[in-house]
Amino acid sequence: MAARLAHYDDGPSSSAPHPLWILRHHSPVPVTALAFHEAAAQRDDEDSDDDEDAADGSLLLVAGDADGQVSLSSVATYRPQHFWQAHAKGSSILGVEALDDQGGQYHRLVTHGRDHKIHFWRARKTSSQPPPSVKAASHAAEDQEKAGKPELTVTIEVNALNFCRFSLLHPTPGQSGDTAFIAVPHTLESGWIDVYSVDLSSGGTPKAQRIHTAIGKGMLSPGGLAAGSSAASGGAMSGGVSRAPITMSLHLVATEGAGLAILAGYEDGAVRLWKTKKAAHESGASSGSAAADSSAAWSLVWEEKVHRETVLSTCLSYSTDLLISTSADDRLALFAQPTAHPPNWSKANVLETHKQGRSSLAMLPAAQRRRSGNAKEDESAHIFIVGGWDGRARLYRASPAADSYDAEIIAVLRYHKESVQAVALARSADDAILAAVAGKDGRISLWKHGS
4 MAARLAHYDD GPSSSAPHPL WILRHHSPVP VTALAFHEAA AQRDDEDSDD
54 DEDAADGSLL LVAGDADGQV SLSSVATYRP QHFWQAHAKG SSILGVEALD
104 DQGGQYHRLV THGRDHKIHF WRARKTSSQP PPSVKAASHA AEDQEKAGKP
154 ELTVTIEVNA LNFCRFSLLH PTPGQSGDTA FIAVPHTLES GWIDVYSVDL
204 SSGGTPKAQR IHTAIGKGML SPGGLAAGSS AASGGAMSGG VSRAPITMSL
254 HLVATEGAGL AILAGYEDGA VRLWKTKKAA HESGASSGSA AADSSAAWSL
304 VWEEKVHRET VLSTCLSYST DLLISTSADD RLALFAQPTA HPPNWSKANV
354 LETHKQGRSS LAMLPAAQRR RSGNAKEDES AHIFIVGGWD GRARLYRASP
404 AADSYDAEII AVLRYHKESV QAVALARSAD DAILAAVAGK DGRISLWKHG
454 S
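Take a look at the structure:
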């Protein structure tokens, strides 16, 4: 059982930080998804040695809203380079993400909407401009017209009768081919999980195929937790009939031997690890056919009911050494080495924040944790941000403590009057932490912490 520790998160009592900038191009439509994207910098002068400006110009922010619109904005100019109707009007965006652009002329974006579709897009790159004056924002429409609307390259039909966004396993750098993998709730039953492969090779049109289906089928008891679990089960009811708890959050990761693992948060407050020994490309399905029921190829490695309410979000470090989960309750759960087998539950730490409703979560990517050689940051620590129903976003530092992780608040970001629905983190060229926070007001606040 995870150790529990009283943890008050009112934050530092020193002077409150102020937003760096407010993006309003989605307002008044609520913003529901955010992701930073660090693209290859576009330079007009190959002899330029201003590395810091080039790095800042390459940082972009992808945002999606409750009306199916998506934007791709420059953090250097605060202007949208692309702003389009990516999904059906009225269909909220569940998730957005960018793939490595491979130094080409296009950004590669993935969007997931409540219209039961995941889209892959190619968005033409535009040149970075100097930081704008207030009047410069009027040129946003001109930039978008020059860039043109992003091109839709492939669509995956999925089940969006839930609140779970996709999990994207990016192509492995240095390997032949360009195949990504996506995990989503099962087509018919939101308590199970499906996995798709997407061939993104530049030689032709991307192709998607479902390679694993119904993961979790037959392995969860009607009350939710697996038979024999020591954790208390909380039955999930639908029309008076017990069913598997709905999948709320997913993280698809690669394991040794080209296998796959999925860390998932559920409606019943539990977090579970699923693993398969099959290589990622093995499915048993013939080309062009639907994958057969592959639940038997997956095993439930561990489960822990750490939350009293539904899991709202989870975040996994890029090195997979730390998993964090949030819920409608007041808890933050930190799991050290979550993909290890067998698990050591003395490594799980649950923090009582005494603030209910942690609706969104993001972690600073490992590749961006430090740019310069003189940064004072502890390389073993992780920086993460949590958005809450109280309109605040809290920036944390998670550090190893004995065989677990502990967390401390390093900043409380106060701007939004209503619930925070999406957050994202990145690193600036001067080693500062950049945070994007979006709420029901349709605004995106940008923050800079440290340097």
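Position in the sequence shown counted from 1, then plus 3, gives you the numbering used here. Just so it is clear, CB atoms sit at the ideal spot from N, CA and C, and this is done for glycine as well. Just so you know, these numbers come straight off a predicted model, no measurement behind them.
Other residues of its chain near S316: CB distance less than 6 Å, five sequence neighbours each side excluded: S252, T329, S363, L364
When we look at the beta-carbon of S204 and count the other beta-carbons within 10 Å, is it buried (16 or more) or exposed? exposed
How is G268 classed by DSSP in three states: helix, strand or coil? strand
Minimum C-alpha distance to H189 - residue among F166, D324, R361, L37: F166
For L191, count neighbouring Cβ atoms within 10 angstroms of its own Cβ and tell me buried if that reaches 16, exposed if not. exposed
With a Cβ-Cβ cutoff of 8 Å, do G445 and V32 count as a contact? yes
Identity of the residues DSSP links to L335 by a beta bridge: T329, L354
G221 burial status per 10 Å Cβ neighbour count (16 or more: buried): exposed
Quick one: is T208 buried, meaning 16 or more other Cβ sit within 10 Å of its Cβ, or exposed? exposed
Quick check on the burial criterion: 16 or more other C-beta atoms within 10 angstroms. Buried or exposed for L112? buried
Looking at C-alpha atoms only, which residue of A42, V201, S74, H21 is the closest neighbour of A36? S74
Alpha carbon to alpha carbon, how far is G376 from I386? Below a pLDDT of 50, predicted positions are generally treated as unreliable, and G376, at 47, falls in that range; the measurement from the model is reported next regardless. One C-alpha to the other measures close to 18 Å.
Ignore the nearest five residues each way along the sequence and tell me which others in A336's own chain have a CB closer than 6 Å to its CB. V309, S328, V353
If distances are taken between C-alpha atoms only, which option among E259, Q88, A101, I96 comes closest to L63? A101
Give the secondary structure of E306 by DSSP, where H, G and I count as helix, E and B as strand, and everything else as coil. strand
Distance check for K280 and K420, CA to CA, integer angstroms please. 47 Å
Taking only beta-carbon positions, decide if L223 is within less than 8 Å of chain C. The chain labelled as chain C is not found in the depicted structure, where only one protein chain is given.
Just the Cα atoms here: how many angstroms apart are T182 and S200? 7 Å
Nonlocal neighbours in the same chain, by C-beta distance under 6 Å from A58, ignoring five residues either side: The pLDDT assigned to A58 is 48, lower than 50, so where the model puts this residue is not dependable, and the model offers no usable value.
Taking the alpha carbon of G260 as the point to measure from, which residue in A267, A247, K278 has its own alpha carbon closest? K278
Distance, S297 Cα to A30 Cα: The residue you asked about is not Ala; residue 30 is Ser in the sequence shown. Rounded to whole angstroms, S30 to S297 spans 43 Å at the Cα level.
Under a Cβ-count criterion, where at least 16 other Cβ atoms within 10 Å of its own Cβ denotes burial, should K120 be classed as buried or exposed? buried
Under DSSP, the beta strand (DSSP E) around G391 begins and ends at which residues? 385-391
Under a three-way DSSP split, which group does A183 fall into? strand
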